[in-house]
Amino acid sequence: MKTDIFVELLSQTLSQEEMSSDIATAFQMFRDFEAKFSRFREESELSVFNAGEGGKISEELFLLLQKCAFFHQETQGIFDPSILPVLEKVGYSGSTLPKTEKLSHVFSELIFDKENQTVTKPKDVFIDFGGIGKGYIVDQVACFLSKKYTNGIVDAGGDIMTFGGDKMQGLDAFAIDIENPFDPGQTLSMVLLSEMAIATSGLSRRHWIHEGKKEHHIIDPTTEESVHSGLMQVSVILPNATMADVLAKTLLILGLDQGLSFAEERKIPALFVSENKTITRNSFFEHYEWKA
């Protein structure tokens with residue numbers, strides 16, 4: 000998945016061997032997800048789906064596309080998993096995407112048939128799970144592990160799900176650092192989470208120069224360009240990592256004013272870091288901050 004994955008489990012009754020086996024299973028779940036849904040793999044189910052006009056698909060792909068449809072509507076199109084051609088246009092290469100000039104927003108053209116587990120689409124509509132996939136698989140792994148363990152954390156590149164607490168430190172929650180995007184390795188804020196997820200979306204890591212212009216992987220669907228909202232980073236806290244993954248990116252695209260309004264209306268704990276280094280947090284986020 001081209002991201003760091005961290006799994007921590009705490010148990011006073013299970014052997015180290017059994018815990019190591021469960022962690023190995025968790026990592027295999029990440030690898031299996033990538034094999035099925037990576038757009039960079041020609042043989043993946045997602046690539047096969049993108050290459051055609053849809054049809055009967057696996058239960059998991061159907062579920063993922065349904066989740067995409069929900070968030071596409073909830074964010075009024077700001078979350079747009081059909082924006083893949085734009086990523087190609089701005090130089091984010093390496094996928095199996097067929098060449099196309101069509102860059103219009105067409106996710107709504109997907110037709111779902113739940114009874115027959117089919118999804119049909121125009122052939123030139125291409126889906127990318129980059130805005131939801133990490134959060135989704137983090138939730139799946141955390142769900143699997145929490146059936147056996149009461150305390151643990153699953154982290155995939157900053158998309159984090161917690162259950163229980165850090166009992167080794169005498170805490171009923173886990174202390175999660177949020178990195179300063181302007182000073183990597185330094186903590187911007189620390190939050191205490193239990194049975195909650197956090198995701199951070201930012202522009203400081205994945206960027207490149209394309210045709211003389213600085214580009215990055217987060218696309219504003221309203222402009223079909225790399226986002227330039229005045230924000231450098233957004234962190235959100237929500238009950239699951241899927242929601243957090245999607246909505247952190249949504250707020251980053253919306254910018255500070257619209258993002259704050261979106262978060263306030265939905266009571267989303269959010270921390271915004273502007274390009275001018277200004278830090279803005281709402282009262283919902285302050286509730287989780289560890290003020291040692």
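Its first residue numbered 0, the sequence shown is counted upward by one per residue in numbering that gives the first Met the number 0.
Cβ atoms here follow ideal geometry from the backbone N, Cα and C, with glycine treated the same way.
For residue j and residue i, the rounded distance between their alpha carbons
| i | j | result |
| --- | --- | --- |
| Leu96 | Phe5 | With a pLDDT of 45 at Leu96, under the threshold of 50, the predicted position of this residue should be treated as unreliable, though the coordinate-derived value follows. Approximately 30 Å between the Cα atoms of the pair. |
| Ser297 | Met195 | This structure cannot settle anything about residue 297, because the visible part of the chain is limited to 0 through 291. |
| Gly199 | Glu73 | Residue identity differs from the one stated: residue 199 is Thr in this sequence, not Gly. If you take the alpha carbons of Thr199 and Glu73, they lie about 19 Å apart. |
| Arg38 | Gly169 | 42 Å |
| Lys166 | Gly130 | 32 Å |
| Ser193 | Phe173 | 6 Å |
| Glu44 | Ile126 | 11 Å |
| Thr12 | Val118 | 46 Å |
| His104 | Gly254 | In this prediction, His104 has a pLDDT of 47, which is less than 50 and means its spatial position is unreliable; what the coordinates show is noted afterwards. Their backbone Cα atoms lie some 20 Å apart in a straight line. |
| Phe128 | Ser46 | 11 Å |
| Leu60 | Glu52 | 15 Å |
| Ser10 | Thr149 | 8 Å |
| Phe36 | Thr2 | 15 Å |
| Lys147 | Gln27 | 17 Å |
| Ile114 | Lys55 | Going by the sequence as given, residue 114 is Glu instead of Ile. For Glu114 and Lys55, the distance between alpha carbons rounds to 11 Å. |
Which of helix, strand or coil DSSP assigns to residue i
| i | result |
| --- | --- |
| Ile177 | strand |
| Thr95 | Annotation note: pLDDT 48 at Thr95 (below 50); position unreliable, coordinate value reported separately. It is coil, neither helix nor strand. |
| Thr303 | In this structure the chain extends from 0 to 291, so residue 303 is not present and cannot be described. |
| Phe26 | helix |
| Ala172 | coil |
| Asp31 | helix |
| Asp219 | strand |
| Gln257 | helix |
| Asp21 | helix |
Residue burial classification, residue i (beta-carbon count within 10 angstroms, cutoff 16)
| i | result |
| --- | --- |
| His71 | buried |
| Cys67 | buried |
| Ala262 | buried |
| Thr249 | buried |
| Ser282 | exposed |
| Asp256 | exposed |
| Ser57 | exposed |
| Gly164 | buried |
| Ser225 | buried |
| Asn49 | buried |
| Ile218 | buried |
| Lys276 | exposed |
Selected residue, minimal CA-CA separation from residue i, among the options
| i | options | result |
| --- | --- | --- |
| Ala269 | Glu223, Lys290, Asp219 and Ile197 | Ile197 |
| Asp171 | Ile217, His227, Ile152 and Ser57 | Ile152 |
| Trp289 | Thr222, Val190, Glu178 and Ser260 | Val190 |
| Tyr287 | Val245, Val235 and Ile278 | Val235 |
| Arg30 | Thr161, Phe78 and Lys133 | Lys133 |
| Pro183 | Ile217, Gln232 and Glu223 | Gln232 |
| Glu223 | Asp244, Ile159 and Ile82 | Ile82 |
| Phe284 | Lys266, Gly258, Gln116 and Ser260 | Lys266 |
Below-8 Å beta-carbon distance, residue i vs any chain D residue
| i | result |
| --- | --- |
| Pro80 | As a matter of chain content, chain D is missing from the structure shown, which is built from one protein chain. |
Heavy atom of the ligand SAH within 7 Å of residue i beta-carbon
| i | result |
| --- | --- |
| Phe39 | You won't find the ligand SAH in this model; it holds no ligand whatsoever. |
> Can at least three beta-carbon pairs, one atom from the stretch 230 to 249 and one from the stretch 136 to 149, be found at a separation below 8 Å?
Replying inline: Inter-segment contact for the stretch 230 to 249 and the stretch 136 to 149 is present: three or more beta-carbon pairs are separated by less than 8 Å.
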